[in-house]
Amino acid sequence: MEPFAAILLEHENTVLNKETLIQRVSSRMSQVLPQINESFFAANDVGKKLITLEVLKEKFERHIGTNWNVHKMTPEERTRPVRMRLMDSSIRFIEQQLKSQDKKLKQAMEKSKANRERIQNIQNDRVKLYGLMQQQSGFYKEIKPKLLDVHKKLIEN
């Protein structure tokens, strides 16, 4: 209290005893403290931050009671999020491969279908041509004796 008394003596030319000094400092502090408090809340936008805090409390309410102490977790619990992300990326990679393989399979099936149709058309043409050849061959077998007779007659004449 002596430094306060020295300051008062220097600035206000008053000498106070301890009790009056304590009363004066207390009254000034009680006047200044609400102003400091009010300016703190206004400057830092405490109202909006309290509202945000309440919203976040509602949002993360399901995590109440969760033990966040990492040092008490087992290695499996510590690495679970990383492993889950790796599994997710592996699943996405496999899904992309499956889509690519499906696309290639569809293209191969279309080619296969076109080739089958072409082979079927060729086989149908072969059957038709074989039928025509058999027909022509039968016709020539019928005509052959007549042609030989005509040929003999021509040679004899």
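In this note's numbering, the protein residues as written are -10 to 146. Every residue gets a Cβ at the ideal spot worked out from N, C-alpha and C, and that includes glycine.
Check whether residue i and residue j have beta carbons under 8 Å apart
i, j, result
"Arg67", "Val59", "yes"
Whole-angstrom distance between residue j and residue i, CA atom to CA atom
i, j, result
"Glu(-1)", "Val21", "22 Å"
"Asn104", "Gln86", "27 Å"
"Pro(-8)", "Ile25", "24 Å"
"Glu47", "Thr9", "51 Å"
"Lys61", "Phe30", "38 Å"
"Ser28", "Asn56", "37 Å"
"Arg81", "Lys88", "11 Å"
"Asn110", "Lys135", "38 Å"
"Lys95", "Ile108", "20 Å"
"Ala97", "Tyr119", "32 Å"
"Asp77", "Asn113", "53 Å"
"Ser79", "Arg72", "10 Å"
"Leu39", "Ser19", "26 Å"
"Gln123", "Lys142", "29 Å"
"Ile(-4)", "Pro23", "24 Å"
Same chain, Cβ closer than 8 Å to residue i, neighbours up to 5 away in sequence not counted
i, result
"Glu84", "none"
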